[in-house]
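Mapping to our numbering: the sequence shown position 116 is 116, numbers consecutive.
Everything on this sheet refers to the single structure shown next.
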Amino acid sequence: MAIQRSGIWRSSWGWCWCTTAILIAWSLPAEAQGDARESIDVESANLPEALAELAREVGVSIGAEGALPRQRSTPVKGRMTVDRALARMLAGTGYFARRVGATAWRIERAPASPPPTVSRPKIVPPTIGPDIVVTATKREVSLDSAPIAVAVVRPDAFQQMRASRDSATVAANVEGFSLTGQGPGRNRMFLRGVADSAFGGRTQSTVAVLLDDARVTYAAPDPDIRLVDVERVEILKGPQGSLYGTGALGGIYRVVTRRANLSRTEFAASVTGETVQRGSTGISGSAMANLPLARDKVALRLVGYGELAPGWVDTGARKDSNNSSLFGFRAGLGIDIGAGWRADATGFAQWLDADDSRYVYVPLARSRPAQLAEMHDNDMLHGSLRAAREEGPVRIVMSSGYTRHDVNERFDATQGAELLGMGDPQLLLDSNEYKVWDNEIRADGHLGSLGWLGGISYLSAAQKSSRNLSGLADTNLAVDNDNRSAEELALFGELSIPLTDRLEATAGARAFRSLIEESRIEGARAADFRFIRYGITPAVGLSWKPEPGRLIYAHYGSAFRQGGTGVGDDGTIQALDGDELETLSAGWRDTIGAIRFDLGLYHSWWSSIQSDVLRPNGLIETANVGKGAISGAELSIEAEPAERWHLQAGAMLQSAKIDPLDASTDGDRRLPVVPNMTFRAALLHDFYLGDWDMSARAQLNYFGSARLSFDPALDRKMGKIIDAVAELRGSRGPFGVALEVLNLFDGRHDTFAYGNPLRVRTMPQFTPQQPRTFRLTLSYRPGGSAE
Numbered sequence: 001m002a003i004q005r006s007g008i009w010r011s012s013w014g015w016c017w018c019t020t021a022i023l024i025a026w027s028l029p030a031e032a033q034g035d036a037r038e039s040i041d042v043e044s045a046n047l048p049e050a051l052a053e054l055a056r057e058v059g060v061s062i063g064a065e066g067a068l069p070r071q072r073s074t075p076v077k078g079r080m081t082v083d084r085a086l087a088r089m090l091a092g093t094g095y096f097a098r099r100v101g102a103t104a105w106r107i108e109r110a111p112a113s114p115p116p117t118v119s120r121p122k123i124v125p126p127t128i129g130p131d132i133v134v135t136a137t138k139r140e141v142s143l144d145s146a147p148i149a150v151a152v153v154r155p156d157a158f159q160q161m162r163a164s165r166d167s168a169t170v171a172a173n174v175e176g177f178s179l180t181g182q183g184p185g186r187n188r189m190f191l192r193g194v195a196d197s198a199f200g201g202r203t204q205s206t207v208a209v210l211l212d213d214a215r216v217t218y219a220a221p222d223p224d225i226r227l228v229d230v231e232r233v234e235i236l237k238g239p240q241g242s243l244y245g246t247g248a249l250g251g252i253y254r255v256v257t258r259r260a261n262l263s264r265t266e267f268a269a270s271v272t273g274e275t276v277q278r279g280s281t282g283i284s285g286s287a288m289a290n291l292p293l294a295r296d297k298v299a300l301r302l303v304g305y306g307e308l309a310p311g312w313v314d315t316g317a318r319k320d321s322n323n324s325s326l327f328g329f330r331a332g333l334g335i336d337i338g339a340g341w342r343a344d345a346t347g348f349a350q351w352l353d354a355d356d357s358r359y360v361y362v363p364l365a366r367s368r369p370a371q372l373a374e375m376h377d378n379d380m381l382h383g384s385l386r387a388a389r390e391e392g393p394v395r396i397v398m399s400s401g402y403t404r405h406d407v408n409e410r411f412d413a414t415q416g417a418e419l420l421g422m423g424d425p426q427l428l429l430d431s432n433e434y435k436v437w438d439n440e441i442r443a444d445g446h447l448g449s450l451g452w453l454g455g456i457s458y459l460s461a462a463q464k465s466s467r468n469l470s471g472l473a474d475t476n477l478a479v480d481n482d483n484r485s486a487e488e489l490a491l492f493g494e495l496s497i498p499l500t501d502r503l504e505a506t507a508g509a510r511a512f513r514s515l516i517e518e519s520r521i522e523g524a525r526a527a528d529f530r531f532i533r534y535g536i537t538p539a540v541g542l543s544w545k546p547e548p549g550r551l552i553y554a555h556y557g558s559a560f561r562q563g564g565t566g567v568g569d570d571g572t573i574q575a576l577d578g579d580e581l582e583t584l585s586a587g588w589r590d591t592i593g594a595i596r597f598d599l600g601l602y603h604s605w606w607s608s609i610q611s612d613v614l615r616p617n618g619l620i621e622t623a624n625v626g627k628g629a630i631s632g633a634e635l636s637i638e639a640e641p642a643e644r645w646h647l648q649a650g651a652m653l654q655s656a657k658i659d660p661l662d663a664s665t666d667g668d669r670r671l672p673v674v675p676n677m678t679f680r681a682a683l684l685h686d687f688y689l690g691d692w693d694m695s696a697r698a699q700l701n702y703f704g705s706a707r708l709s710f711d712p713a714l715d716r717k718m719g720k721i722i723d724a725v726a727e728l729r730g731s732r733g734p735f736g737v738a739l740e741v742l743n744l745f746d747g748r749h750d751t752f753a754y755g756n757p758l759r760v761r762t763m764p765q766f767t768p769q770q771p772r773t774f775r776l777t778l779s780y781r782p783g784g785s786a787e
């Protein structure tokens, strides 16, 4: 069925630019009235440059007694007073700021300079301190005031330039965040137990992946965007239908990149060599250059990275067959438009290719009999435009992003494909092309003590999927073809209402129109479907902040996922019901003595679950499988037990159950993939070695038991994994070096009991941990230490 969408696209651009013009015109008078700037964003730099940038941003005078040393300042970001910003920026430098006028400060040397201290690098686990600003909530809010379950991961300067830092690194350090274990570019993301299937089918993902302000995935697996030159990763846990629309059942995974710096030239580079015990060797590297084209007006930021990852699974005579390669590039152009407006254009591309899969057929093994190579690629091209006015009483953000995402994989079909109608099958080819166009205009501000947010969004997504068998003598058989397009137009808003000085209520909702058109060909059958849904997804919350740094909250959130199509037991193509998720959660963030913690509790009700299930013929199909309930508790802790010692820990307990539609179904009724518990602990120590600033880190993770599927025929156990990492790093001036050991104990636990859909029913499959791996990283960052 041909679907005409050109009229809709033209009208979408029309309202987008008309609304843009209205909002710009509306905002200009406010700037002309001389509203004071309250938002500060000064990156780490040499002290004189950082102070000059702060003075420029807020329009004040900052002088000094003599020349200031060219040592690195602490980055400062968020809404705060100038006094507070200066105190943070000068912490540990031996200087302090003295106010000498209404808008003037003088930097003076402290009477007794403290002994030099190491600028301690932050470990990768989420930071739960009060100085973190979260923007995934679509308006700036400090983490200690966010009445919602959120985790923020901020790589330090050393980690920012490592091409190996990926979503799996984040998942190992965030409670409630799970990935399937097929390998980079093949994994599916799940948050807080909202896991529909271990198998990658056609359903919309339960976790939305965003690059800055633009959604880049719809139904695709995790693109595994590498965290090179990334400011932070923000994770919103629980349904986010009120802010992000259909499909955000589990939550949001948002990568916030570093924007072009308009005032400073910057450069950084890193190279890593690694070797896998009883495997091959690999190399990766990255480079970043920030180039002001017109100082304080226009700048270009370029980032490039690549990785040749080692293999460690032997397939017949092919040693270390699962090698992979990855290359990425990102360019950001920043322009100060004036009147408080800034525009950013971003281009991003990443190509990931794996030579083979990584599963085996015998527990604890790292080899398997000879079979055809099961190659995989996950390639993404993305472009976005953003214009924002982030100062003054009303913040306005307009964004538009377009993404093309190709995911192709092949499976050995010499066994298990007998029911698909080819006499000599060799390979099952699964090809998927995804396109996402995401547009949004939003504004937020205050009316007296009332905080408000409002916006309009339009999303268009399309996917073309096909599965074909290839045989000997170049024969080919099409077994499945699916073309689907989705559109959503929505209005959303949120209010923050102070009930007392310490008690605040929030209420938000999203009114949407969701349209899906789908054309399916399954064997000799064909069908066209059209689904339209109008609805509202609400969210409400209540937060109590009895004192600074302490927050107790309760929150209700909801989300909806539009239905699609599935194949019934009789082979007919059928329409599916959409699923809905409601979650009631509570949290407590606090600091007691030297310990800061974040405690969260939640319970979810999930109806009409759409799950990708494995049919007897080896193909993956979608079905409504029942309703579910998920309960859990999470705890994250940070502490400094002694000087220069830093501890981070976390734990999660969870029960995720399904009530199947088929009451006769027995076996384990747990939802797939997600573990029943996790635990992590990391200890960091800073010290000196001559002129070198050193740090040592050790981290231990435990992932509890999980199941592959609630289907009794595929009720495979997995999990109970212990993983340990050790790292020693040092920096001296612009140079840095780090030695890292992964899987310190060389464990072989099964991380994922699945690999090939055609063989999994008759041949148990296991995905062992990557063997002990050694990595050596060298980095260079002129103008300051690598930390």
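Each residue gets a CB set at the ideal place from its N, CA and C atoms; glycine is no exception.
Computed from a predicted structure; not experimentally measured.
> CB-CB under 6 Å to ALA32, same chain, minus the five flanking residues each way: which ones, in chain order?
Replying inline: One-based indexing of the sequence shown puts residue 32 at position 32. For ALA32, the predicted model reports a pLDDT of 32, less than 50, meaning its position is unreliable; a value from the coordinates is still stated below. Hits under 6 Å: none found.
>> Can you tell me whether ASN187 is buried or exposed? The criterion is at least 16 other CB atoms within 10 Å of its CB, across all chains shown.
In response: Within the sequence shown, numbered from 1, the residue matching residue 187 stands at position 187. ASN187 comes out buried.
> ALA663 to ARG669, Cα distance in whole Å?
Replying inline: Within the sequence shown, numbered from 1, the residue matching residue 663 stands at position 663. Within the sequence shown, numbered from 1, the residue matching residue 669 stands at position 669. Legend: pLDDT at ALA663 = 49, less than 50; position of this residue unreliable, value from coordinates given subsequently. One Cα belongs to ALA663, the other to ARG669, and the distance between them is close to 11 Å.
>> Is it buried or exposed, ASN290, if we count other Cβ atoms within 10 angstroms and call 16 or more buried?
In response: In the sequence shown, the residue the question calls residue 290 occupies position 290. Only buried fits ASN290, as 16 or more other CB atoms lie within 10 angstroms of its CB.
> With distances taken between CB atoms, is the gap from PHE512 to GLY535 smaller than 8 Å?
Replying inline: For the purposes of this step, residue 512 is identified with residue 512 of the sequence shown, where counting begins at 1. For the purposes of this step, residue 535 is identified with residue 535 of the sequence shown, where counting begins at 1. Taking C-beta atoms as the reference points, PHE512 and GLY535 count as a pair closer than 8 Å.
>> Pop quiz: HIS446 and THR217 are said to be a contact at Cβ under 8 Å. What is the actual Cβ separation, rounded to whole angstroms?
In response: Taking the sequence shown and counting its residues from 1, the one referred to as residue 446 is at position 446. Taking the sequence shown and counting its residues from 1, the one referred to as residue 217 is at position 217. Between THR217 and HIS446 the Cβ distance is about 34 Å, and since that is not below 8 Å, they are no contact.
> Among residues of its own chain, excluding the 5 on either side of ILE337, which ones have a beta-carbon nearer than 7 Å to its beta-carbon?
Replying inline: In the sequence shown, the residue the question calls residue 337 occupies position 337. So the list reads ALA343, once near-sequence residues are dropped.
> Nearest to ALA461 by alpha carbon, out of ALA681, TYR244, ASP438, VAL271?
Replying inline: As a working mapping, residue 461 is identified with position 461 in the sequence shown. If you compare the alpha carbons of ALA681, TYR244, ASP438, VAL271 with that of ALA461, the shortest gap goes to ASP438.
> Taking just the CA atoms, how far does LEU684 sit from GLU634?
Replying inline: Counted from its first residue, the sequence shown places residue 634 at position 634. Counted from its first residue, the sequence shown places residue 684 at position 684. Distance between the alpha carbons of GLU634 and LEU684: 22 Å.
> With distances taken between CB atoms, is the gap from GLY451 to ALA443 smaller than 8 Å?
Replying inline: Within the sequence shown, residue 451 is the residue found at index 451, counting from 1. Within the sequence shown, residue 443 is the residue found at index 443, counting from 1. For GLY451 and ALA443, no; Cβs fall outside 8 Å.
>> Please classify PRO712 as buried or exposed, where buried requires at least 16 neighbouring CB atoms within 10 angstroms.
In response: Your numbering for residue 712 matches position 712 in the sequence shown. Exposed.
> Taking all protein chains shown into account, do 16 or more other C-beta atoms lie within 10 angstroms of the C-beta of TYR553, making it buried, or fewer, making it exposed?
Replying inline: Translated into positions along the sequence shown, residue 553 becomes position 553. So TYR553 ends up on the buried side.
> With DSSP run on the structure shown, which of helix, strand or coil describes ALA146?
Replying inline: Translated into the one-based positions of the sequence shown, residue 146 becomes position 146. If DSSP states are grouped into helix, strand and coil, ALA146 belongs with coil.
> With a CB to CB cut of under 6 Å and the five nearest residues on each side skipped, what residues in its chain are close to LEU308?
Replying inline: Position 308 of the sequence shown, counted from the start, is the residue given in the question as residue 308. Taken in chain order, the residues that qualify are GLY282, ILE283, SER325.
>> Quick check on ILE687: buried or exposed, where buried means 16 or more other Cβ atoms within 10 Å of its Cβ?
In response: Locating residue 687 in the sequence shown gives position 687, counting from the first residue. Correcting the residue identity first, residue 687 is Phe in this sequence and not Ile. Answer is exposed; the Cβ neighbour count stays below 16.
> In whole angstroms, what separates the C-alpha of GLY690 from that of ALA55?
Replying inline: The residue given as residue 690 occupies position 690 in the sequence shown. The residue given as residue 55 occupies position 55 in the sequence shown. Going from the Cα of GLY690 to the Cα of ALA55 covers about 36 Å.
> Which class does VAL760 belong to by DSSP, given the choice of helix, strand or coil?
Replying inline: For this step, residue 760 is matched to residue 760 along the sequence shown. Judged by DSSP in its simplified three-state form, VAL760 adopts coil rather than helix or strand.
>> Cutting at 6 Å between CB atoms, please list the residues of its own chain near ALA195, excluding the five before and the five after it.
In response: The residue given as residue 195 occupies position 195 in the sequence shown. Excluding residues within five positions, the ones whose Cβ falls inside 6 Å are LEU671, PRO672, VAL673, VAL674.
>> Would GLN240 and ILE225 qualify as a contact pair, given that the criterion is a beta-carbon distance under 8 Å?
In response: Against the sequence shown, residue 240 aligns to sequence position 240. Against the sequence shown, residue 225 aligns to sequence position 225. Cβ atoms of GLN240 and ILE225: not closer than 8 Å.
> Can you pull the DSSP bridge partners for PHE703?
Replying inline: Numbered from its first residue, the sequence shown carries residue 703 at position 703. In the DSSP output, where bridge partners are listed per residue, PHE703 has THR678, ILE721.
> Who does GLU488 pair with in a DSSP beta bridge?
Replying inline: Here residue 488 is taken as the residue at index 488 of the sequence shown, counted from 1. GLU488 is bridged to LEU459, SER514.
>> Based on DSSP bridge pairs, tell me the residues matched to GLU504.
In response: As a first step, residue 504 is located in the sequence shown; it is residue number 504 there, counting from the start. Answer is PRO498, SER543, bridged to GLU504.
> Does the stretch 407-423 come within contact of the stretch 385-399, defined as at least 3 CB pairs closer than 8 Å?
Replying inline: Cβ pair count under 8 Å is below three, so no.
>> Bridge partners for TRP312 per DSSP, in chain order?
In response: Within the sequence shown, the letter at position 312 stands for residue 312. BP columns for TRP312 are empty, so no partner.
>> Classify ASP643: buried if its beta carbon has 16 or more other beta carbons within 10 angstroms, exposed otherwise.
In response: Here residue 643 corresponds to residue number 643 of the sequence shown, with the count starting at 1. Correcting the residue type first, residue 643 is Glu in the shown sequence and not Asp. Taking all protein chains in view, the Cβ of GLU643 is surrounded by fewer than 16 other Cβ atoms within 10 Å, so the residue is classified as exposed.
>> Could you tell me the alpha carbon to alpha carbon distance between VAL298 and GLY306, rounded to whole angstroms?
In response: As a first step, residue 298 must be located in the sequence shown, where it is residue number 298. As a first step, residue 306 must be located in the sequence shown, where it is residue number 306. The C-alpha of GLY306 is placed about 27 Å away from the C-alpha of VAL298.
> Can you name, in chain order, every residue of its own chain whose Cβ lies under 6 Å from the Cβ of LEU385, other than the five neighbours on each side?
Replying inline: By one-based count along the sequence shown, residue 385 stands at place 385. Counting only Cβ-Cβ distances below 6 Å, and skipping sequence neighbours, we find ALA345, SER400.
> What three-state label does DSSP hand ASP579 in the structure shown?
Replying inline: The residue labelled residue 579 in the question sits at position 579 within the sequence shown. The three-state reading of DSSP puts ASP579 in strand, counting E and B together.
> Less than 8 Å separating the beta-carbons of VAL60 and THR103?
Replying inline: The sequence position of residue 60 within the sequence shown is 60, counting from 1. The sequence position of residue 103 within the sequence shown is 103, counting from 1. The answer is yes: Cβ separation under 8 Å.
> Of all the options SER607, ILE592, ARG615, ARG561, which has the alpha carbon lying nearest to the alpha carbon of ASP569?
Replying inline: Working through the sequence shown from its first residue, we reach residue 569 at position 569. Relative to ASP569, the option among SER607, ILE592, ARG615, ARG561 whose CA is nearest is ARG615.
> In this structure, does DSSP put GLY650 in helix, strand or coil?
Replying inline: In the sequence shown, counting from the first residue as 1, residue 650 sits at position 650. Residue state, collapsed to three classes: strand.
>> Can you tell me whether GLY423 is buried or exposed? The criterion is at least 16 other CB atoms within 10 Å of its CB, across all chains shown.
In response: Here residue 423 refers to the residue found at position 423 of the sequence shown. Around the C-beta of GLY423, fewer than 16 other C-beta atoms lie within 10 Å, and the residue is accordingly described as exposed.
>> Check whether the stretch 485-504 and the stretch 644-658 are in contact - that is, three or more C-beta pairs closer than 8 Å.
In response: Counting Cβ pairs under 8 Å, fewer than three are found: no touch.
> Does the stretch 228-248 come within contact of the stretch 203-218, defined as at least 3 CB pairs closer than 8 Å?
Replying inline: Output reads yes: the stretch 203-218 touches the stretch 228-248.
> For GLY332, which option in THR257, ARG530, PRO498, ALA365 has the closest C-alpha, if you only look at C-alpha atoms?
Replying inline: Position 332 of the sequence shown, counted from the start, is the residue given in the question as residue 332. Restricting attention to THR257, ARG530, PRO498, ALA365, the CA atom closest to the CA of GLY332 is found in THR257.
>> Checking the sheet assignment: what are the DSSP bridge partners for ASP344?
In response: Reading the sequence shown from its first residue, position 344 is the one you call residue 344. Bridge partners of ASP344: GLY334, ARG386.
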